[in-house]
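When we follow my numbering, the leftmost residue of the sequence shown carries the number 41, and every step to the right adds one. Just so you know, even glycine gets a beta-carbon here, dropped at the ideal spot from N, CA and C. Quantities reported herein were computed from a predicted structural model and do not represent experimental measurements.
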Amino acid sequence: MSAFLEIKDLHAKVGDKEILKGVNLTIESGKVMAIMGPNGCGKSTLSAVITGNPTYQVTGGSILFKGKDLLKMTPDERANAGVFLAFQRPTELPGVSMAQLLKAALNAKRTFLKEKPLDAVQFMKHLKVRATALGITDEMLKRSVNVGFSGGEKKRLETFQMAVLEPDFCILDEMDSGLDVDALKVVGGAISVMREEKRSFMIITHHDDLLRYVAPDKVAIMRDGKILQVGDKELVAKVEEKGYDNF
Ligand SMILES: Nc1ncnc2c1ncn2[C@@H]1O[C@H](COP(=O)(O)OP(=O)(O)OP(=O)(O)O)[C@@H](O)[C@H]1O
Ligand SMILES: [Mg+2]
41 MSAFLEIKDL
51 HAKVGDKEIL
61 KGVNLTIESG
71 KVMAIMGPNG
81 CGKSTLSAVI
91 TGNPTYQVTG
101 GSILFKGKDL
111 LKMTPDERAN
121 AGVFLAFQRP
131 TELPGVSMAQ
141 LLKAALNAKR
151 TFLKEKPLDA
161 VQFMKHLKVR
171 ATALGITDEM
181 LKRSVNVGFS
191 GGEKKRLETF
201 QMAVLEPDFC
211 ILDEMDSGLD
221 VDALKVVGGA
231 ISVMREEKRS
241 FMIITHHDDL
251 LRYVAPDKVA
261 IMRDGKILQV
271 GDKELVAKVE
281 EKGYDNF
């Protein structure tokens, strides 16, 4: 059986600048993979390439997602197939509310999967349970997406989108940056309850903050556009203690 996500010798560039220089990484189904690495080593670029951000040009290698060639799929197809990215810097969508955005996204996914779209009542029920769990108020749901929200609120809203869309592959890019201690606990709890056999996570982080709540099965160390080492969660402590010079 093929792996859940299999990245082989992935190269990507922006303009003339090569950023990913041969990434190899495998994530198994039901597992949490943490990715750590110094600023600028290519972590966010890797997540952008997986989701199909057209800013980055893939110049070599492959990404198989549940046996399918992800690089041949459009960003929409990837999202509908269950690939989700919680952004390091969430984008603002003036004039579009979180409720509108999520209803459109969830029903697009359901239609893609040949499931019946949720009607307004079913959708609000689905939304409210998850909003309550993450401390998202009605006022926040009505406001334009990410416009004027604090850094920590934006991160909580990213987690909320993930909880509503229930994707199979969740990429969290520095979800823990900007969260206060209580929010970290709430977000960590929300991620933990989503752990199940059919779902995998890629958690990009600089510290062990979120990983204390969501224990990773494996940790990958990235440097200069490549994965240098994959190990177990003891690597997190090694990074915290000694930095990246020993990798
Ligand atoms: N659109 C772009 N145009 C020019 N350079 C870019 C672009 N996107 C990324 N880069 C460069 O590619 C390198 C990798 O950036 P990336 O954002 O992937 O790093 P990162 O590992 O996520 O860093 P951090 O830990 O600071 O978030 C950086 O040197 C960055 O300046
Ligand atoms: Mg980044």
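What do you reckon, is the C-beta of residue i under 7 Å from a heavy atom of ligand 1?
| i | result |
| --- | --- |
| Gln128 | yes |
| Lys266 | no |
| Lys195 | no |
Let me know if residue i comes out buried or exposed under the rule of 16 or more other beta-carbons within 10 Å of its beta-carbon.
| i | result |
| --- | --- |
| Arg252 | exposed |
| Gly100 | exposed |
| Arg129 | exposed |
| Asp216 | buried |
| Lys149 | buried |
| Pro256 | buried |
| Ser87 | buried |
| Asn186 | buried |
| Ser303 | A query on residue 303 cannot be resolved here, the shown segment of the chain reaching from 41 to 287 and no further. |
| Val254 | buried |
At a cut-off of 7 Å, would you count residue i as near ligand 2, judging by its Cβ distance to the nearest heavy atom?
| i | result |
| --- | --- |
| Asp213 | yes |
| Ser84 | yes |
Just the C-alpha distance for residue i and residue j, rounded to the nearest angstrom, thanks.
| i | j | result |
| --- | --- | --- |
| Ile267 | Gly135 | 40 Å |
| Ala139 | Leu205 | 12 Å |
| Gly188 | His246 | 26 Å |
| Met242 | Ile211 | 5 Å |
| Cys81 | Lys165 | 41 Å |
| Gly288 | Ala260 | Here the chain comprises residues numbered 41 to 287, so residue 288 is not present and cannot be evaluated. |
| Gly175 | Gly122 | 25 Å |
| Phe105 | Asp159 | 30 Å |
| Leu181 | Thr131 | 16 Å |
State yes or no: is the C-beta of residue i within less than 8 Å of the C-beta of residue j?
| i | j | result |
| --- | --- | --- |
| Asp208 | Arg239 | yes |
| Gly192 | Ala223 | yes |
| Leu142 | Gln97 | no |
Give me the Cβ distance between residue i and residue j, rounded to the nearest whole Å; I'm assuming they're in contact under 8 Å.
| i | j | result |
| --- | --- | --- |
| Gly265 | Ile59 | 6 Å |
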